[in-house]
Amino acid sequence: MTYLKLLDKEGTDIYAHVRRPELQQIQNIADNLLDAEKRVHLSDILKSMDNATLNQLEKDLAGEGGEALRALFGEKVGCVRAWEVAAKHNDEIRKSTDFLTNLSDKIDEFPHLPEDLTDDVVFDAVKKFHDDVPQSHEIIDDLAEDVVDVIANKTKNSKSPEFWKWIQRGRKFEKEYLLPRLKNRASAEYAQLRNKVQSTCNVNLDEYDMYSQVQFKYNDAGDYFVADQVYVKWGKDEFGVNKIQDIVIVEDKLSEGTRLTKHQNGGKAATSLTVRSKTLKPDSGVSGYVLPKNAVINGNNKWMKIFDSENGDAISDILRL
């Protein structure tokens, strides 16, 4: 077989480290590259891998889905680096050509990003928004267990701050700026929300308890979304038992154009919701009643969107959705 052979400064084949019979698929990719710059780039990536990683790469190239990987790596060498990032987590997503293409593009833009992705939790988060980074805050904010706070804390000193800016700004707006002000019924921000709800929904939020980060199931499959704030009006049933009469759901967004997530859209379309969270105390109380787990809410037609101005420290506007 004839191939373009490049030598290092010592006169050695730059692929000498993979010239082994058990790494034939890797050699084939290298030898089929006709662009000298790509050959050098691939050699540098492969040299960073230990034997176990090289063996796993060979196995993936030879196994199911290997043909697509071979074609991708031959066209876009940087995807091998993306594969290595995913392989360190022993994650099957390393075989997804869409994921590898997106991640490779991000690594080209943010060369230090792989340093952040060594963390399992951070990598799992990126898997969920790799194809829509500007929506990253909304996507992971729709998950349980306060993932936004975890990711924001883990990446606050990242060498790739522009990649994480949506999450950092989203947390700043939602948790640091807006939530404390909505808890305070004397604040200008609460008054602005109350007035908008009064004018668009014809209800008075002063009669509603406010709860934050409420998980709601919206279908029989158990799918759920996380509401940023929920205002609940309590009453009594015919037996004198506390009963939810009405709710207003508030979603905090980075801009007017920031979309609801898939699960938020599913929740908004549902006619009833079930509280999935553990029992919650109000963040700003009127009745002071707790919001119990498994409470069923019938009626779900008041959704509000509060969005940020630019820097996570002011309300641009409030809209009814």
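Taking my numbering, the leading residue of the sequence shown gets 1, the next gets one more, and so forth.
All C-beta atoms in this analysis are idealised placements derived from N, C-alpha and C, irrespective of residue type, glycine included.
Computed from a predicted structure; not experimentally measured.
| Check | Outcome |
| --- | --- |
| Can you name, in chain order, every residue of its own chain whose Cβ lies under 6 angstroms from the Cβ of N242, other than the five neighbours on each side? | W234 and Y289 |
| What is the DSSP secondary structure of F99, counted as helix, strand or coil? | helix |
| Do three or more CB pairs link the region 268-281 to the region 188-198 at distances below 8 angstroms? | no |
| Could you spell out the range, first to last residue, of the alpha helix (DSSP H) harbouring D124? | D120 to F129 |
| Within its chain, find whatever has a CB closer than 6 angstroms to the CB of A16; leave out the 5 residues flanking it on each side and keep chain order. | none |
| Would W303 and I249 qualify as a contact pair, given that the criterion is a beta-carbon distance under 7 angstroms? | yes |
| Could you say which of I318, L57 and A295 lies nearest to S199 if we only look at CA atoms? | I318 |
| I'd like the span of the alpha helix (DSSP H) that includes Q25, first residue to last. | Q24 to N32 |
| Would V296 be called buried (16 or more neighbouring beta carbons within 10 Å of its own) or exposed? | exposed |
| Going by C-alpha distance, which of L117, D283, I26 and K278 is nearest G66? | I26 |
| Return the chain-ordered list of same chain residues with a C-beta closer than 7 angstroms to the C-beta of D119, the five sequence neighbours on each side being excluded. | K154 |
| Between the region 109-116 and the region 166-177, do at least 3 Cβ pairs fall closer than 8 angstroms? | no |
| Between which two residues does the beta strand (DSSP E) containing D44 stretch? | Per DSSP, D44 belongs to no beta strand (DSSP E); it is in the alpha helix (DSSP H), A36 to K47. |
| DSSP state of K268, grouped into three classes? | helix |
| Since F307 sits in a beta bridge, which residues does DSSP pair it with? | K253 and D317 |
| Quick check on the burial criterion: 16 or more other C-beta atoms within 10 angstroms. Buried or exposed for K278? | exposed |
| Let me confirm a value: S309 is counted as buried when at least 16 other C-beta atoms fall within 10 Å, else exposed. Which label applies? | exposed |
| Between Y177 and M210, how many whole angstroms is the CB-CB distance? I'm expecting something under 8 angstroms. | About 16 angstroms; that fails the 8 angstroms criterion. |
| Would DSSP call N301 helix, strand or coil? | coil |
| Which one or two residues does DSSP pair with D209 in a beta bridge? | V232 |
| Would you call R259 buried or exposed, if buried means 16 or more other Cβ atoms sit within 10 Å of its Cβ? | exposed |
| Leaving out the 5 sequence neighbours to the left and right, which residues in its chain are closer than 6 angstroms to V80 when beta-carbon positions are compared? | I45 and F73 |
| Have a look at I140 and D91 and give me their C-alpha separation to the nearest angstrom. | 19 angstroms |
| Taking the runs of the alpha helix (DSSP H) that are 4 residues or longer, which of them lie wholly in the region 44-87? | 51-62, 66-75 and 78-87 |
| Have a look at K253, E64, D220 and E207 and flag the residue whose alpha-carbon is nearest the alpha-carbon of S287. | E207 |
| Assign R19 to buried or exposed, taking buried as 16 or more other Cβ atoms, counted over all protein chains shown, within 10 Å of its Cβ. | exposed |
| Taking F99 as the reference, which of D246, H137, I14 and D131 has the closest Cα? | D131 |
| Quick test of your reading: T97 and L69, contact by CB under 8 angstroms. State the CB separation rounded to the nearest angstrom. | 7 angstroms |
| Straight-line CA distance for G257 to F163? | 19 angstroms |
| Spell out the partners DSSP gives N242 in its beta bridges. | K236 |
| Can you grab the Cα-Cα spacing for the pair D8 / H41, in whole Å? | Confidence is the limiting factor: at D8 the pLDDT is only 49, short of 50, which leaves the residue's position unreliable, though a coordinate-based value still follows. Answer to the nearest angstrom: the Cα atoms are 13 angstroms apart. |
| Just the Cα atoms here: how many angstroms apart are A377 and S48? | With the chain running from 1 to 321 in the structure shown, residue 377 is simply not present. |
| Locate the alpha helix (DSSP H) running through Y15, then write down its first and last residues. | No alpha helix (DSSP H) holds Y15; DSSP gives it neither H nor E. |
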